[in-house]
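Novice: Here you go, one structure.
Numbering (the numbering used here), first residue to last: 739 to 813.
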C-alpha cells in the first residue's frame, strides 16, 4: 500500500484573504468589522515588535494623525 503525499498548499499570506474579503462586500457593517479586526492585528503585531526591543515603523499614516502630530511640517 502506497501512502500518497498531498501536494503542498499554495502560499497565500493573510493579506490575500483580507483583501479578498474586502473586495467581496459592500456591507458597511461587515466592512467595519473587518476593519476593526485588521486594526487589532496591527496592534498585536506592533506590540510583538516592541517586545523584541524594536520600534515599529510607520509606512501608512492618515493625514489626520500627521496633522495632529505635526508631521506635515517636517521635510
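The beta carbon of each residue, even a glycine, is placed where N, CA and C say it ideally should be.
Assuming residue 865 and residue 772 form a contact by the criterion Cβ under 8 Å, report the distance between their Cβ atoms to the nearest whole angstrom.
Specialist: As displayed, the chain neither begins before 739 nor continues past 813, which places residue 865 out of reach and without an answer.
Novice: When the Cα of residue 757 is compared with those of 775, 743 and 748, which residue comes out closest?
Specialist: The shortest Cα separation from residue 757 among 775, 743 and 748 belongs to 775.
Novice: To which residues of the same chain is residue 788 closer than 8 Å at the C-beta, ignoring the five residues directly before and after it?
Specialist: Closer than 8 Å at Cβ, skipping near neighbours: 794.
Novice: Measure the C-alpha to C-alpha separation of residue 755 and residue 749 and round it to an integer number of angstroms.
Specialist: Straight-line Cα distance between these residues: approximately 11 Å.
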